[in-house]
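Residue numbers for the sequence shown, in the UniProt record's numbering: 1 to 234.
Worksheet: one structure, shown below.
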Amino acid sequence: MALLEVDSIDVSYGNVQVLWDVSLSVEKGETVALLGANGAGKTTTLKTICGDLTPTAGEVRFRGEDIGAMPFEDVVKEGIAHVPEGREIFTDSSIRENLELGAYVDRSKMDERLETVYDIFPRLEERADQRAGTLSGGEQQMLAIGRGLMSDPDLLLLDEASLGLAPVLVDDVFEAIERINEQGTTVLLVEQDIYNALRVADRGYVIKTGRMTLSGTAAELAQDERVEESYLGA
Numbered sequence: 001m002a003l004l005e006v007d008s009i010d011v012s013y014g015n016v017q018v019l020w021d022v023s024l025s026v027e028k029g030e031t032v033a034l035l036g037a038n039g040a041g042k043t044t045t046l047k048t049i050c051g052d053l054t055p056t057a058g059e060v061r062f063r064g065e066d067i068g069a070m071p072f073e074d075v076v077k078e079g080i081a082h083v084p085e086g087r088e089i090f091t092d093s094s095i096r097e098n099l100e101l102g103a104y105v106d107r108s109k110m111d112e113r114l115e116t117v118y119d120i121f122p123r124l125e126e127r128a129d130q131r132a133g134t135l136s137g138g139e140q141q142m143l144a145i146g147r148g149l150m151s152d153p154d155l156l157l158l159d160e161a162s163l164g165l166a167p168v169l170v171d172d173v174f175e176a177i178e179r180i181n182e183q184g185t186t187v188l189l190v191e192q193d194i195y196n197a198l199r200v201a202d203r204g205y206v207i208k209t210g211r212m213t214l215s216g217t218a219a220e221l222a223q224d225e226r227v228e229e230s231y232l233g234a
């Protein structure tokens, strides 16, 4: 049994359907990439997994339990953390305050989780009392990922973690993703950066206009011309 199973889900915004028969799975310990162009349905898939949206058909199962209709707060308690596109940090609060907010489900492990986050992102510890809004874009992304890790998740959902970052910071973010996975957290990564996503992933899926079109190992997808075509609308 996979840690996460998305089984033939349809998803709509009001009367507008945006996902059709989408399926994917993530095994414990893996990093899996969900690839596709802007507007392909990647973010909608993550929002459905984390409880922001409810599928109109199909199931989302975590450790075999159907969580498709579960509220976001309960999904976090089950062991899933979502780092959304756009970071959504609290800019007027300090770095440490932002991180502590990520541990709201279980504050008993907060000091231990802070140590883990600071080990992965030393810059956050150096600037723990600094207002989050004064950080660079890359540092804000590190803070958003760190806040997600504060709930001690079994599965981390990352939505466009590298979007808008300078190349040197993109490298830092993907190195952090590798470390997070090596330390035992399973990762589902939504990305437009094909090269880096497939470099750190074990397997991947390609979604196009709300439908899954390809899946395979990272090595297979890296050699498949259809992956790049899906970004070009071909």
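Where a beta carbon is used, it is the ideal one built from N, C-alpha and C, also for glycine.
The structure displayed is predicted, hence computed values, not measured ones.
Query: Span separating the alpha-carbon of Leu163 from that of Gln192; Result: 8 Å
Query: Extent of the continuous beta strand (DSSP E) to which Phe62 belongs; Result: Ala57 to Phe62
Query: Segment contact flag, the stretch 183-202 with the stretch 149-168, C-beta cutoff 8 Å, min 3 pairs; Result: yes
Query: Three-way DSSP call (helix, strand, coil) for Ile120 in this model; Result: helix
Query: Closest residue to Asp172 among Glu182, Asp202, Phe121 and Tyr231 (Cα-Cα distance); Result: Phe121
Query: DSSP three-state assignment for Asp171, whether helix, strand or coil; Result: helix
Query: Three-pair Cβ contact test at 8 Å for the stretch 142-153 versus the stretch 111-119; Result: yes
Query: The beta strand (DSSP E) enclosing Thr213, as first and last residue numbers; Result: Arg211 to Thr217
Query: Cβ-Cβ separation, Gln17 to Asp10 (assumed contact under 8 Å), whole Å; Result: 6 Å
Query: Beta-carbon proximity of Arg147 to Leu99, cut-off 8 Å; Result: yes
Query: C-beta contact flag for Leu4 and Leu158 at 8 Å; Result: no
Query: Reference Tyr205; option with closest CA among Trp20, Ala218 and Val75; Result: Ala218
Query: Residue burial classification, Pro167 (beta-carbon count within 10 angstroms, cutoff 16); Result: exposed
Query: Start and end residues, beta strand (DSSP E) containing Tyr13; Result: Leu4 to Tyr13
Query: Spatial neighbours of Leu53 in its chain, beta-carbon cut-off 7 Å, leaving aside the 5 residues before and after; Result: Val11, Thr44 and Lys47
Query: C-alpha gap between Leu35 and Thr134, whole angstroms; Result: 31 Å
Query: For Met142 and Ser23, the rounded distance between their alpha carbons; Result: 29 Å
Query: Ile49 versus Asp106: straight-line alpha-carbon distance, rounded; Result: 21 Å
Query: Per-residue DSSP class, three states only, for Arg87; Result: coil
Query: Start-to-end residues for the beta strand (DSSP E) that takes in Thr31; Result: Thr31 to Leu35
Query: CB of Arg123 within 8 Å of CB of Glu97, strictly; Result: no
Query: Close Cβ partners of His82 (< 6 Å) along its chain, the five nearest in sequence each way excluded; Result: Cys50 and Leu157
Query: Local Cβ density within 10 Å of Lys42, reported as buried at 16 or more and exposed below that; Result: buried
Query: Spatial distance of Ser215 from Ala128 (CA atoms); Result: 41 Å
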